[in-house]
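One structure below.
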Amino acid sequence: MRKRLLWLSVAAVLAVVAVLKLATTFPTHASLPKPDGKPVAVATVTRGNLTRRLTLSAELRPFEEADLHAKIAGFLKTITVDIGDQVRAGQVIATLDIDELKDDLARSNAAYRDAKLDYDRVSAVIRKRPGLLAQEEVDKAQAAYEMAKANQQKARTLLEYATITAPFDGVVTKRFADPGALIQAGVNSSTQAMPVVHLADNTKLRLVFPVPESAVPYVRVGTPVEVTVQSTGQTMKSAVARIAGNVDSATRTMETEVDLDNRDRRITPGMYASVAIDLERKDAVPSLPVQAIAGGDKPNVWRVNDKNEIEEIPVALGLQTADKVEILNGAGEGDRVVFGSRGALAVGMKVEAKPIAEKRD
């Protein structure tokens, strides 16, 4: 028993010695040598695709819209639609009660019949007995006939104006009058004529936005765009449909339009949207984050060389996006450059490079 205890004591002593030996062989974290130089964030010159994108606020409008006015004055007799009603082109919207026009048409019809009978009689005499009637009498009968015919057509047209119809397919977005209201003629510029309804075609929308002067050279009919409607969460692809072709002298912008299919009527005119236009694109070009460039008119980067020392390198810049800049020359692919503020650093300083996490295209 004593012999066994002796062996256990010897084994315990040997175990303690082994642990102490390992502790002296492998230093603790606190005893590790510190890195040589000040830690600094660096970005690496890498190749990738760059796209300069312009995002603008835009307004959604109906593709077609109009206030429907009466062409003649009169009392509103009937109105067949209300707000939200869908109508078809040619559908009757409202009618005016104009008895005077009916009387005018009856009188013009009678005058036309009399003038035609007189002209037919004169024409028959001329055919049977040329020269019997003076030419002046013939001309007078013909002029009276043509005048009566024109008056008849005018009376018919005015009576047709008493019926207001839809000029295109659409939805009634406003109703301005009720039966019995006196409607003024919309063609009379001396009166503030009230429309009967407002009609809009919402199945196709115009996205209208101003392009700043600096971007005008890059925008053409057919330029691809990406449209986002914030209120519905929709994002869709489209293309520029129309451009104004001139820069407004007051705003220094060019009005631009994109057409959007809205047959499902998910989008309501008047909503605001954003439109993104890709103005320029370059593929597989060396670039750096914009935070790595300094120097203003004389751009430069602070490169960390193989000795982990900072050196200033002038660079030539190309295409710039919201977060990256193309490097034309100066810095090469794989170079490590200081990212962000240089306030606590100096050229020639020894640093410890800490690569940043960069977004990949």
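Going letter by letter, the sequence shown gives residues 1191 to 1551 in this note's numbering. For every residue, glycine included, the Cβ atom is placed at its ideal position computed from N, Cα and C. A quick note: this is a predicted structure, and the numbers were derived from the prediction, not measured.
Of the candidates Asp1304, Lys1344 and Glu1350, the residue whose Cα lies closest to the Cα of Ala1334 is Asp1304. Within 10 angstroms of the beta-carbon of Val1377 lie fewer than 16 other beta-carbons, which makes it exposed. In this structure, the alpha-carbon of Arg1251 lies about 14 Å from that of Arg1453. In chain order, Asn1490, Trp1492 and Val1537 place their CB closer than 7 Å to the CB of Glu1502, counting only its own chain and leaving out the 5 sequence neighbours on each side. With three or more CB-CB distances shorter than 8 Å, the segment 1231-1245 counts as touching the segment 1471-1484. At a cut-off of 3 residues, the continuous stretches assigned as beta strand (DSSP E) that sit fully inside the segment 1410-1487 are 1414-1419, 1424-1433, 1443-1451 and 1462-1479. Take Val1386, set aside five residues on each side of it, and the residues of its chain with a beta-carbon closer than 8 Å to its own are Leu1258, His1259, Ala1260, Leu1266, Ile1269, Ile1283, Ala1284, Ile1354, Arg1365, Phe1366, Ala1367 and Ile1373, in chain order. DSSP places Val1315 in the uninterrupted alpha helix (DSSP H) bounded by Asp1289 to Lys1318. Gln1510: member of the beta strand (DSSP E) spanning Ala1506 to Gln1510, first to last residue. The beta carbon of Met1461 lies closer than 7 Å to those of Leu1250, Val1419 and Ser1421 in the same chain, with the five residues before and after it left out. Here Lys1497 is exposed, its C-beta having fewer than 16 other C-beta atoms within 10 Å.
When DSSP states are grouped into helix, strand and coil, Val1398 belongs to the strand group.
Spatial neighbours of Ile1316 in its own chain (CB-CB distance under 7 Å, excluding positions within 5 residues in sequence) are listed in chain order as Leu1323 and Val1328. In this structure, Met1444 places its C-beta atom within 8 Å of the C-beta atom of Ala1434.
Residue nearest to Ala1279 within the set Glu1416, Asp1468, Arg1455 and Val1361 is Val1361 (criterion: CA-CA distance). In the three-state reduction of the DSSP assignment, Lys1364 falls in the strand class. Taking the C-beta atoms as reference points, Val1515 is found nearer than 8 Å to Ile1483. Of the candidates Arg1532, Tyr1309, Lys1394 and Ala1338, the residue whose Cα lies closest to the Cα of Gln1481 is Arg1532. Residue nearest to Arg1242 within the set Ala1431, Leu1307 and Arg1471 is Arg1471 (criterion: CA-CA distance). For Leu1240, the enclosing beta strand (DSSP E) has its first and last residue at Thr1236 to Leu1258. Check the Cα spacing between Val1417 and each of Ala1521, Leu1397 and Leu1518: the tightest is with Leu1397. Taking each of Gln1332, Arg1442 and Gln1424 in turn and checking the Cα distance to Arg1455, the smallest one comes out for Gln1424. Secondary structure of Arg1532 (DSSP, three-state): coil.
In the structure shown, the three-state DSSP call for Ala1340 is helix. It is roughly 38 Å from the alpha-carbon of Thr1363 to the alpha-carbon of Pro1407. Bridge partners of Lys1514 according to DSSP: Pro1479. Under the criterion of beta carbons closer than 8 Å, Asp1359 and Phe1253 do not qualify as touching, at roughly 11 Å.
Sixteen is the threshold: when 16 or more other Cβ atoms of the shown chains lie within 10 Å of the Cβ of Thr1446, as they do, the residue is buried. Residue environment for Gly1264: buried (at least 16 other C-beta atoms within 10 angstroms of its C-beta).
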